[in-house]
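Under the numbering used here, read the sequence shown as residues 513 to 748, first letter to last.
Quick reminder that beta carbons are idealized off the backbone N, C-alpha and C, glycines included.
Below is one structure, written out as structure tokens; comments come after it.
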Amino acid sequence: MVEQNSQDQEERQEARIVVESGIAARVAAIVEPAIMDLGYRLVRVRISAQNGCTVQIMAELPDGTMNVEGCEAVSQAVSPALDVDDPIQAAYHLEVSSPGIDRPLVRPSDFARWAGHLTKIETSEPFAGRKRFRGILRGADGTDALLSRDDAKADEDRDVAIPMRLIAEARLVLTDALVTESLRRGKSGLAPEMPPADEIAQPVPGRGKSLGPRDPKARKPGKGRKGPLQNTEEEE
């Protein structure tokens with residue numbers, strides 16, 4: 513039991529290699545400690561113009577599972593922190609969700625856990641003559657993500673080892689095989705226990721707090737909140 517608890521703690525503290533920028537990075541810095549205190553891991557923060565302005569926080573347990581109760585717990589934990597630091601100078605809706613089936617890959621362990629599935633990777637700078645890659649994920653080898661490309665040209669290597677330090681975005685591609693595997697893992701407690709991220713939204717009620725997208729009221733801008741939201745990360 514002690515060994516398992518130690519392993520869980522190490523997995524919770526595993527650093528992300530894919531992180532946010534701009535205002536989304538500020539939100540991530542505020543909410544991640546509260547999420548970790550609950551035993552969950554932050555996956556991504558995305559800010560979009562959906563419903564005026566939506567802040568989506570993706571989280572999961574170290575084993576990749578997430579359920580509705582977990583979303584509610586994370587919502588209740590991060591909302592006060594966001595109200596205190598107030599990084600978004602506009603009214604917004606708060607969503608807390610699982611990463612979904614076609615999830616982002618943000619930690620080295622994600623690349624190992626989801627080996628064998630079709631994946632898209634985008635690098636922050638050209639690597640092997642390009643910035644976008646697509647193929648079957650073969651896992652991780654130290655500091656590299658291993659990919660067998662299905663988009664390689666005749667004069668290009670099919671198998672590539674992409675340095676993780678260059679990865680700007682990585683995501684599983686929704687396929688029948690991925691859905692089947694996600695369902696199998698769900699039955700064994702090793703995969704998300706809830707619908708994909710775009711089907712889940714946990715509203716956060718209360719005075720002065722952001723409200724979920726299914727609530728007709730969004731938070732009213734208060735003192736110091738003026739102008740439209742800028743420098744946000746858009747959803748893909």
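Delimiting residues of the alpha helix (DSSP H) encompassing residue i
i	result
Ala593	Val580 to Asp597
Arg619	Premise fails: Arg619 is in no alpha helix (DSSP H) and is neither H nor E.
For residue i, three-class secondary structure by DSSP
i	result
Pro707	With a pLDDT of 44 at Pro707, under the threshold of 50, the modelled position of this residue cannot be trusted, and the question is left open.
Arg553	strand
Thr655	coil
Ser533	coil
Glu522	helix
Glu668	coil
Arg642	strand
Gly647	strand
Distance CB(residue i)-CB(residue j) smaller than 9 Å
i	j	result
Glu681	Glu634	yes
Ile569	Ile600	no
Val555	Val618	yes
Glu693	His629	yes
Ser660	Ile679	no
Short CB-CB distance (under 9 Å) between residue i and chain E
i	result
Ile569	Although the question refers to chain E, the structure presented lacks it and comprises just one protein chain.
For residue j and residue i, the rounded distance between their alpha carbons
i	j	result
Val539	Leu606	11 Å
Val531	Ala537	7 Å
Val608	Ile674	31 Å
Ala585	Gly641	44 Å
Ile613	Val691	7 Å
Val543	Pro616	18 Å
Ala664	Thr631	14 Å
Ala561	Ile535	13 Å
Range of the contiguous beta strand (DSSP E) that encloses residue i
i	result
Pro675	Asp671 to Pro675
Ile569	Thr566 to Glu572
Pro491	Because the chain is modelled from 513 through 748, residue 491 falls outside the range shown and cannot be assessed.
Leu606	His605 to Ser609
Ala680	Ile679 to Leu684
For this session: Please confirm if the segment 551-565 is in contact with the segment 602-622, defined as three or more CB-CB distances below 8 Å between the two stretches.
Result: Yes, since at least three Cβ pairs between the segment 551-565 and the segment 602-622 fall closer than 8 Å, the two stretches touch.
Problem set entry | the segment 581-592 / the segment 642-657 touching (three or more Cβ pairs under 8 Å) | Taking 8 Å as the limit for Cβ pairs, the verdict is that the segment 642-657 does not touch the segment 581-592.
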